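There are 4 protein chains.
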Amino acid sequence: MGLDVGVIGVGMIGQEHIRRLDGGPRGSRVVAVADADAERAATVAAQLPAAKALPSGEELIVSDAVDAVVVTSWGPTHEPYVLACIAAGKPVFCEKPLATTQEACRRIVDAEVAAGRRLVQVGFNRRYDPAHRALKLAVDGGAIGAPLLAHCAHRNASVPAHYTRDMSIADTAIHEIDELRWLFGQEIVAAQVFTPRRSSRGGELQDPLLVLFELADGVLADVEVSVNVHYGYEIRCEVSGETGTVELADSAPVRLRREGAVAGLVPADWRERFALSYDVELREWVDTVVAGSPPQGPGAWDGYAAQVVSDAALQSLHSGGRVAVELPARPELYR
Amino acid sequence: MGLDVGVIGVGMIGQEHIRRLDGGPRGSRVVAVADADAERAATVAAQLPAAKALPSGEELIVSDAVDAVVVTSWGPTHEPYVLACIAAGKPVFCEKPLATTQEACRRIVDAEVAAGRRLVQVGFNRRYDPAHRALKLAVDGGAIGAPLLAHCAHRNASVPAHYTRDMSIADTAIHEIDELRWLFGQEIVAAQVFTPRRSSRGGELQDPLLVLFELADGVLADVEVSVNVHYGYEIRCEVSGETGTVELADSAPVRLRREGAVAGLVPADWRERFALSYDVELREWVDTVVAGSPPQGPGAWDGYAAQVVSDAALQSLHSGGRVAVELPARPELYR
Amino acid sequence: MGLDVGVIGVGMIGQEHIRRLDGGPRGSRVVAVADADAERAATVAAQLPAAKALPSGEELIVSDAVDAVVVTSWGPTHEPYVLACIAAGKPVFCEKPLATTQEACRRIVDAEVAAGRRLVQVGFNRRYDPAHRALKLAVDGGAIGAPLLAHCAHRNASVPAHYTRDMSIADTAIHEIDELRWLFGQEIVAAQVFTPRRSSRGGELQDPLLVLFELADGVLADVEVSVNVHYGYEIRCEVSGETGTVELADSAPVRLRREGAVAGLVPADWRERFALSYDVELREWVDTVVAGSPPQGPGAWDGYAAQVVSDAALQSLHSGGRVAVELPARPELYR
Amino acid sequence: MGLDVGVIGVGMIGQEHIRRLDGGPRGSRVVAVADADAERAATVAAQLPAAKALPSGEELIVSDAVDAVVVTSWGPTHEPYVLACIAAGKPVFCEKPLATTQEACRRIVDAEVAAGRRLVQVGFNRRYDPAHRALKLAVDGGAIGAPLLAHCAHRNASVPAHYTRDMSIADTAIHEIDELRWLFGQEIVAAQVFTPRRSSRGGELQDPLLVLFELADGVLADVEVSVNVHYGYEIRCEVSGETGTVELADSAPVRLRREGAVAGLVPADWRERFALSYDVELREWVDTVVAGSPPQGPGAWDGYAAQVVSDAALQSLHSGGRVAVELPARPELYR
């Protein structure tokens, strides 16, 4: 027992994961960190009982002290780090996106297939959220009959100034892309993006978007992507089936009666909303790795497929119309 | 068809009822008004197409132009007006309380019994609220098994400066007294009042109160009476039965997501909360009177019984301890 | 005071309206009925205190005994009856649809314009539902900032065997068409229909549909139309604005805790869900007619515009793709 | 890092805690177990990677292999085990009750005071439930003004045949006793038990009970204790303050629309409802022990005070009337 983890990229999300992994389940601890900002790596390492700052992610990956790797660095660096982990035969948990292009994702899939065993897990945390799991349980359990439609909303209170229209798809709706594939256990076959009236809160940014996804069996999912909604952070999803529907309930633990209203508080941001899902995600990942099993969570294929769908949606956003998703056959390794 | 109504007392609630009755169902109209303030009576009459201001309630009651009477005057005047209506053989709708003492209520009951027919309806409007009716329907329909407990709250945003501790029982909790009798179809046999920590918002007023009522079959109901609760006006009730519970749902028709919360608005006051119940109450009363039937709503006996329970609760408030309710046998007329 | 109404078509909805109008507000009563089934007309008339059965709708319309007309006959007969009312100068309340083709609706608009005054009201009852009014109040009052998106669902428990795919638009989604025009105070400029996976509960019927409407200012509204949803009748609508959202709350008046769940009952059908809205609709119509005012509710133009949008949606359903709505300029009479 | 725990009593709750502690946070693991049923102890130990079954709790406590002790044995054995832990100077987590009589609890307090440092934590898990923490946060943060009243319900779907009326207080309401002390940061000064109509589901058992607790500052809390409520397991609490109220929200993560209702599932039992609270409770306990700090959770004083209040409530249950709680001064160690 005991899992010695190396973390590449110790910005905000990296530090959050470190908090969960150091002194975490099954004796997991963080033994090495690396960051493009060496000073930051040193500072973070200094606060941990057992961690050393290493000069590069590459060195971290091959270090004998490191049993498994968490990649929380800048998106464009994901591909080389994950490929290096596969080469080193080490389990790797890579924050989403797996890589920033579908070609890069495909190279990871190919490398893993060539290596002949699954080592990669992607940080699609929705799958670990208790409410989303209850949603899937209801759908899978037949509580609403065969699913026919899904209505989703992904709302951020605000985004930084550098946020672009494309990021609404590639960084934000990517969560719904994975969620829908997971929820319905099948691939998305087409995407179409609509641009409603623009919110004045986002300046020149085209916000919100309305995205329509088609699943392989015909289920249609409409997704509102709003990134300046001001009132808080909220994820909504209702699945309509043949005999009923199931939706995420409000997540507020208490109801306040005050100032003329009965109210539940809305989370301020994704950290607040999904804190528990990250706990579960990393605990289950550690369990898997310690047990020597392949990752049970979203793998390289899921990261790749999500990227291909995201690219289709981006093409629709740029050119209009329905764009079919062209996904090659799923390799044997991922069946 | 057509019911010509006289209204005694044209203050706020009187004017509200006039609005419902003039040009109302079955051709009801207000043909006469009277008020201690003759000028106010004249002003109100002048705004109605068919109404005259009469110099006194007594004259209104005996006027040939008046088919039925609504009494919305000051509480202490209810007894003589209602007795005069009984003497005149005219249907009368009297706002709660039927009279301000149990002795006065008893005289009304006795007069009605002597007259040999039911003419009096008391304005306990809870019985006409769609949500309270749904509550009773669930209880009566066996949805929760035999009822065992009830948990109620009666909350006012604020009360005027002249409001007293006794009014929390006699004017406010009186609604729950009638509601519990109606909901469970039996009498209240004891009352006990507790005085929690005092709200600083009511100055010297002992507010809130917690009142415990025992029903004949042993059901216990705890009632929070809070009259300075600031956040709005709210009536809550949950009935716990052997196999489940039923409670009033939040009444807000829409849910707002804004400023960090998912919220439903709470009514500002009883007028807003119970507007529809008054509509139904008066429409059903008009229907009954036009049809020549005795009142289907709460009658003189209900007004009397509520007053007896209220007096028991007041005695507990003043002297402490559990006070048994001493209610004589129900006359044949009210069975 | 007193409004003497004639009712053409005394099937289910006709009889419901009669119940509201006979002995209704301001002394309204039903004085004449007509029906293609003369026997049914006679039977209904016999149950009313003041009504005669007339041999035809045409005769009813010109009868001196009739002040105003309610048309609740079969859709294809609406046009001639409404035109006859306009010719006779009598106020007419016509159940939706105003007429079954946009050309027929246009002829009604033209006739009214030629007559120079508004006599026609169309039975789009959503506008009278308290919850929908609270929704509009929140939107108009700025509670959510400028509206950007709307998410709607129109769900029927089941439909009769003769129900067709086109009826999902022309008979069912027509309510959302009017609702969206009213809610946002502007025209719909395009429609697009998507066909998700088909429910096995409707046999060969293409059910559900997903319809996308574009408002003049760019607001996009997605509407799920499901007519075999089995679990009950439910209308959902959420409007997303720049700073928040507002949605219809669950309509259940009580919450039941039983058998492992906390539940609110869903209405069985539209009669249960919208009973109160019909009360308000007809009461306000009577008030308007008695006051000699033009109808305050949806008029001939609204009936026409809704039909034009419905036709565009039908075209999209048949041919695919986005179909622009071609609506002529609104005549002066309707501004 | 790493905490080696011994567990005394490996029945259901013991095994649940073992699951959380073995391979748990900060490298915690279970190294020893003991049970009155030696065979059961052996079976449980055999399934754990690092645990030995020891012949007695006493030997486990003094074993050098054991850093800290969890007591989940039968209630009457708690006192000697906890006293032995204090004597051995080892941190001990004892499931509630701390001991089965207030005298026994007092002996533990006295022993801890004599030892001069806090070693004991009691398993009052409500304090670790996220919803209860949000409730306390709202109260403490002033969201509802000064608290005045609390309305609670503790409902079990069913209880075993050996369950007695006294257990409704001593085993069930004991959770509310601790919760109220913690929520309001003060002692309970009186208790009064009322016996409503008896549920037929519990046979001869007097169920439900209604208990009224008075806090030192006058806050009154009414607690429904129902142990055969059939529909599920549910904990309810609303605190009424001067300007508003706060209550536990429904805990269901999703809402199902099916079969005529919109419903959230209710937990089947306390294990389902409070799973997360046990996770947090034990994780925080491990953190505290590893850090060498005194327990941050409920300590021996809390276990003792709860028992004194429970005894007062039992006296009221047996003899009727309000029973004042006689609690000696709080020793310096617990201030």
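Chains as they are written, first to last, in the UniProt record's numbering: chain A, 1 to 335; chain B, 1 to 335; chain C, 1 to 335; chain D, 1 to 335. Where a beta carbon is used, it is the ideal one built from N, C-alpha and C, also for glycine. Treat the numbers as computed from the prediction; the structure is a model and nothing was measured.
- Against Y231 (chain B), the close residues of chain D are T243, G244, T245, in the order they occur along the chain (beta-carbon pairs closer than 8 Å).
- The contact set of L327 (chain D) on chain A, defined by CB atoms closer than 7 Å, is empty, because the minimum CB distance reaches about 30 Å.
- As the crow flies, the alpha-carbon of S226 (chain C) is around 13 Å from that of H175 (chain C).
- In terms of Cβ geometry, A263 (chain A) and R255 (chain A) form a close pair [threshold 8 Å].
- Here Q15 (chain B) carries a helix assignment [DSSP, helix/strand/coil].
- Distance from the CA of N125 (chain D) to the CA of W270 (chain D), rounded to the nearest whole angstrom, comes to 11 Å.
- G202 (chain C) is outside the set of residues whose beta carbon lies under 8 Å from a beta carbon in chain D.
- Judged by DSSP in its simplified three-state form, P160 (chain B) adopts coil rather than helix or strand.
- In this structure, DSSP gives P295 (chain D) a state outside helix and strand, which the three-state scheme calls coil.
- Contact check for D302 (chain B) and R181 (chain B): beta-carbon distance about 7 Å, within the 8 Å limit, so the pair qualifies.
- Restricting attention to beta strand (DSSP E) runs no shorter than 3 residues, the region 47-105 of chain C encloses them at 68-71, 92-94, ordered along the chain.
- Taking the Cα of Y231 (chain C) as reference, the smallest distance to any Cα among C:A88, C:A291, C:V266 is reached at C:V266.
- In the three-state scheme derived from DSSP, where H, G and I count as helix and E and B as strand, L137 (chain B) is classed as helix.
- At a cut-off of 8 Å, the C-beta of A146 (chain D) has a neighbouring C-beta in chain B.
- In the same chain as Q307 (chain D), and ignoring 5 residues on each side of it, the C-beta atoms closer than 6 Å to its own belong to Q102, C105, in chain order.
- Annotated as proximal: D129 (chain A) and F274 (chain A), with beta-carbon spacing under 8 Å.
- For E332 (chain D), the closest C-alpha among the options D:S251, D:R118, D:I18 is that of D:R118.
- Taking the C-beta atoms as reference points, A138 (chain D) is found no nearer than 8 Å to A312 (chain D).
- Unbroken beta strand (DSSP E) runs of no fewer than 3 residues, entirely contained in the region 179-261 of chain D, are found at 188-194, 209-215, 220-226, 234-241, 244-248, 254-258, following chain order.
- In chain A, no part has a C-beta under 8 Å from the C-beta of L282 (chain C); the shortest such distance is about 32 Å.
- Within 10 angstroms of the beta-carbon of Q121 (chain D) lie 16 or more other beta-carbons, which makes it buried.
- For P208 (chain A), the closest Cβ of chain D is not nearer than 8 Å.
- Counted as a single uninterrupted DSSP element, the alpha helix (DSSP H) harbouring L314 (chain A) occupies residues 300-319.
- Taking all protein chains shown into account, T172 (chain D) has 16 or more neighbouring C-beta atoms within 10 Å of its C-beta and is therefore buried.
- Within the same chain, and ignoring the five residues on either side of R198 (chain D) in sequence, the residues whose Cβ sits closer than 7 Å to its Cβ are Q206, D207.
- Distance from the CA of Q315 (chain B) to the CA of V323 (chain B), rounded to the nearest whole angstrom, comes to 7 Å.
- For G24 (chain A), no CB of chain C lies under 8 Å from its own CB, so it is not counted at the interface with that chain.
- About 7 Å separates the CB atoms of E238 (chain A) and A150 (chain A); that is less than 8 Å, so the two are in contact.
- The Cβ-Cβ distance between T77 (chain C) and V7 (chain C) does not fall below 8 Å.
- Nearest to P25 (chain D) by alpha-carbon distance, out of D:N156, D:M12, D:D4, D:D35, is D:D4.
- Within the region 121-143 of chain C, those residues whose Cβ lies closer than 9 Å to any Cβ of chain B are, in chain order, D129, P130, A131, H132, R133, A134, L135, L137, A138, A143.
- When only Cα atoms are considered, K90 (chain D) and S293 (chain A) end up about 37 Å apart.
- By the criterion of a C-beta distance shorter than 8 Å, T245 (chain C) is surrounded in its chain by I144, E238, V239, once the five residues flanking it on both sides are discounted.
- Less than 8 Å divides the Cβ of L212 (chain B) from the Cβ of F194 (chain D).
- In this model, D140 (chain C) and G185 (chain C) are separated by some 10 Å (Cα to Cα).
- Under DSSP, the beta-bridge partners assigned to G6 (chain D) are D:A32, D:V69.
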